[in-house]
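Structure first, then comments.
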Amino acid sequence: MSFAPAQSRSNLWPAAGAAALLHGAVLLAGLLVWPATKPMTIGGVTSVTLVDAPPAELRDAIAAPEPAEAQSEDPSPETPAEIAPPTPTPSPPAPAPTPTAKPQPKPASAKPATPAKPAPREDSDSFLDRIAGSTPKPSGGRQGRPRPAQNAVATTGRGSADAALADASAVVGERLRKAWTIDCSLEGMSGVTVKVRFRLNRDGTLSGAPAVTNLGSGAAAQAAADRAMIAVSRAAPFPELPKESYNLWKDFTANFVGSQACR
Amino acid sequence: MSAPNLFRRLGLAFGLVLALFAAAPGVAWAQLEVNVNEGVQEPLPIAVPDFAGTQGSAISQVITANLQRSGLFRPIDPAAFIERNLNVATLPQFEQWKQIGAQALVVGQATVDGDGRLRVDVRLYDTPGGREIFLSQGGGIQFTATPDSWRRIAHKVSDIVYEKLTGEPGYFDTRIVFVAESGSRAKRVKRLAIMDQDGANPSYLTDGSYIVMTPRFSSTSQEITYMALRESGSSIYLFNIDTGRQETLGRFTGMVFAPRFSPDGGRVAYSVERGGNSDVYVMDLRSRAQFRLTSDPAIDTSPSFSPDGSQIVFNSDRGGQPQLYVMSASGGAARRISYGSGRYTTPVWSPRGDYIAFTKQSGGLFSIGIMRPDGSGERILSTSGLEEGPTWAPNGRVLMFFRESSGGAKLWMVDITGRVSQAAPYPGSGSDPAWSPLLK
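Quick note, the sequences are listed as chains A and E, same order. Heads up, the first sequence is in the numbering used here, so the first residue is 94 and it goes up one at a time. Heads up, the second sequence is in the numbering used here, so the first residue is 6 and it goes up one at a time.
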């Protein structure tokens, strides 16, 4: 989403306008969804009433059963074709609680939001740098530069900060691996990749809540997302990250790759 | 649209953004992306402090035991807890829970309302993140029941916590029907019995005046089918546990055994043995019409439906020794799926459809194992001198079976990884377990 250098001045203006529009939208999105460190409030509850179907007097209910009327004395061979074709009725075990909807106000900060993709500028702490950059593609004309550490993908525009980035990625990556509690026998967990965005303060503590940016639907995706968020919160803080290069490492995206972890 | 017009429409804020963007040319920027390709495979450390209020402590203990038994959680010893006396209306001191290694925290409160009903409120927290994990759209969840159903509430809470943190449905609010064995080996009394999945509330369903075998649950209702054996012969019964009502499928020529419901509960498959040959039959419960599905001179038995009702797995010695075969639920050609050395019996299709559990006899030992419905991926989960008869928990993740030793028959459990293997929480002697679907 950067300006194409080949464009002439005259047709740059529409592009600039469009860029402004887009950046403005991103700014708005950022303002709306970037989780501020608000105190959490307790939300409402949903109420479930158990249907009491008390088992009959079990001990007494059963006298020795007597063979009842016989429908068929001799199972003569019937042709299998007489059976009506079975109607496929997938019957996964139904989740029992039938919540009687009693929704109440939700806690303010508990829903993982989908934040806009910030691409911070090196020289600014302002939230505006979230909207001023663009989402870079890894790779592209960076041959000859030192490679980031294993498992870390650092993308830089320019400057000589690659080593610092690689170090920061290595530190954070290692801690995330140790903090991520998984169970590969859970199908949802082993097949899901969860992308978690988080921002760090200068002292290496988390700034706000981590947010999952690719939340899928269903219980398995939600559980995998929660485990990944727990991992980020457990791994933090990262006080060893060098303060002088704070602007390089303050924004992270961690990809928790279930298929890799469960190879 | 011209650029100036566009700018007017965008207004000051967006113009400012553009200005800032333009005013900071050429600076380096960075975005860090880390791939986390490894994790720590261990049970999730969870804290379940005593719920506040009436029976709160007992409820917490039932939940803790359930989660522990699943093998997917490691409940933290309450002695380590720093914060005490939590309640659902205030936020926990997250730092104190993070400090003792809890990754999740269950907070609950039990109250008796004006109508004398027990009301249990529950909230779940991500303690490192200091945030609530929603149990419902509203955040927390509340269960209401009569006070004597407090254990069921505890199982419901266990189920929802399990589901939120594993992504798979729970299986705790369920029951087990089994054959309770008592008396000396020579005069063994076998009675049908029922208990909660955690061994609580055991009671007898039959009086022991006749032998009962192979109880099997319907996957949709609290109904079982089982085989009764008297001197006069064998018969198959349907038994509604909630009402106590039971009825026979009818009188058969020959020995009838190994009944099992279709997934929709509308049919029962079983075997009939005559003159040394046994074949698989299906009866439609509404019309009571029966259909013969196999007709070869071999012993065909232990039919079990796939969860969609379209196929049946059974075992047959048509190839020389018992192996597993799959055929259409309307009969026809059968495809052999087991090819290992040994004898494969008592196949049971998982309610999830992904595995078939079986008993395997090989080298003088018995094992419980699972394989994919196409026969691939065979995995032995448990082995001993004598064990058999697996039954699936409704979430398709845990199996119960029975193991015979010098001390008699005992109920055992193992999960599909084989890592979590333990005696079922029933102190007595029992065999032939059958796992119920989730209670409503």
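Ideal Cβ placement from N, Cα and C applies to all residues, glycine included.
For residue i, would you say it is in contact with chain A, using Cβ-to-Cβ distances shorter than 7 Å as the test?
i                 : result
Ser110 of chain E : The sequence shown places Leu at residue 110 of chain E, rather than the Ser named in the question. No, because no Cβ of chain A sits closer than 7 Å to the Cβ of Leu110 of chain E.
Gly433 of chain E : no
Glu383 of chain E : no
Asn42 of chain E  : yes
Leu49 of chain E  : yes
Ala85 of chain E  : no
Ile146 of chain E : yes
Asn92 of chain E  : no
Gly143 of chain E : yes
Ala150 of chain E : yes
Thr422 of chain E : yes
For a contact defined as C-beta to C-beta under 8 Å, what are the partners of residue i on chain E?
i                 : result
Lys271 of chain A : Val45
Asp319 of chain A : Asp131, Ile138, Lys169, Leu170
Ala354 of chain A : Val41, Asn42, Glu43, Gly44
Arg327 of chain A : Lys103, Gln108, Pro133
Name the chain A residues whose beta carbon is nearer than 9 Å to that of residue i?
i                 : result
Glu173 of chain E : Leu279, Glu280, Gly281, Ala312, Ala313, Ala316
Leu77 of chain E  : Asp276, Ser278, Leu279
Asp201 of chain E : What Asp201 of chain E touches in chain A: nothing, since even the nearest Cβ is about 11 Å away.
Taking Cβ positions, are residue i and residue j nearer each other than 7 Å?
i                 : j                 : result
Phe183 of chain E : Pro438 of chain E : yes
Phe349 of chain A : Ala321 of chain A : yes
Ser223 of chain E : Gly255 of chain E : no
Pro50 of chain E  : Gln108 of chain E : yes
Gln73 of chain E  : Ile87 of chain E  : no
Phe503 of chain E : Gln114 of chain E : The structure shown has nothing for residue 503 of chain E, since chain E only spans 6 to 445.
Asp284 of chain E : Arg297 of chain E : yes
Arg221 of chain E : Arg265 of chain E : yes
Thr116 of chain E : Thr142 of chain A : no
Phe319 of chain E : Asp305 of chain E : yes
Gly44 of chain E  : Ala354 of chain A : yes
Ala328 of chain A : Leu269 of chain A : yes
Val289 of chain A : Gln147 of chain E : no
Within 10 Å of its beta-carbon, does residue i have 16 or more other beta-carbons around it, so buried, or fewer, so exposed?
i                 : result
Gly390 of chain E : exposed
Thr299 of chain E : buried
Pro378 of chain E : buried
Asn206 of chain E : exposed
Lys343 of chain A : buried
Tyr130 of chain E : buried
Ala242 of chain A : Below a pLDDT of 50, predicted positions are generally treated as unreliable, and Ala242 of chain A, at 38, falls in that range; no measurement from the model is reported.
Pro352 of chain E : buried
Gly135 of chain E : buried
Arg124 of chain E : buried
Thr248 of chain E : exposed
Ala316 of chain A : buried
Lys415 of chain E : buried
Glu337 of chain A : exposed
Ser432 of chain E : Checking the displayed sequence, the identity of residue 432 of chain E turns out to be Pro instead of Ser. When all chains shown are included, Pro432 of chain E counts as exposed.
Val287 of chain E : buried
For residue i, tell me which candidate among the options has the shortest Cα-Cα distance.
i                 : options                                : result
Met282 of chain A : E:Gln46, E:Arg357, E:Gly380, E:Val67   : E:Gln46
Pro83 of chain E  : E:Gly76, E:Gly106, E:Ala94             : E:Gly106
Ser387 of chain E : E:Gln427, E:Arg348, E:Thr350           : E:Gln427
Arg196 of chain E : E:Gly134, E:Tyr215, E:Thr179           : E:Tyr215
Lys161 of chain E : E:Gly345, E:Ile68, E:Gly382, E:Ser335  : E:Ile68
Pro442 of chain E : E:Pro432, E:Arg408, E:Gly401           : E:Gly401
Leu299 of chain A : A:Leu258, A:Val264, A:Gly266, A:Phe331 : A:Phe331
Gln328 of chain E : E:Pro430, E:Ser311, E:Leu140, E:Thr350 : E:Thr350
Pro380 of chain E : E:Arg156, E:Ile342, E:Pro430, E:Ser321 : A quick correction: the sequence has Gly, not Pro, at residue 380 of chain E. Residue E:Ile342 is the option with its Cα nearest to Gly380 of chain E.
Glu137 of chain E : E:Ala94, E:Asp120, E:Gly76             : E:Ala94
Tyr176 of chain E : E:Arg190, E:Arg157, E:Gln66            : E:Arg157
Ser309 of chain E : E:Glu228, E:Gly382, E:Ala334, E:Pro430 : E:Ala334
Thr59 of chain E  : E:Ser410, E:Ala398, E:Pro80, E:Ser154  : E:Ser154
Would you say residue i reaches chain E, if we count a Cβ-Cβ gap shorter than 7 Å as a contact?
i                 : result
Thr274 of chain A : yes
Thr306 of chain A : no
Val289 of chain A : no
Leu334 of chain A : no
Ser140 of chain A : yes
Leu143 of chain A : yes
Glu337 of chain A : no
Can you list the residues of chain E that residue i reaches, using a CB-CB cut of under 7 Å?
i                 : result
Thr298 of chain A : Residues of chain E passing the Cβ test: none, with the nearest at roughly 12 Å.
Ala47 of chain A  : This structure cannot speak to residue 47 of chain A, because chain A is shown only from 94 to 356.
Closer than 7 Å by beta-carbon distance: list the chain A residues that pair up with residue i, in chain order.
i                 : result
Arg157 of chain E : Leu143
In chain A, what lies closer than 8 Å to residue i by C-beta?
i                 : result
Gln326 of chain E : Those within 8 Å of Gln326 of chain E in chain A number zero; the least Cβ separation is about 25 Å.
Asp126 of chain E : Val138
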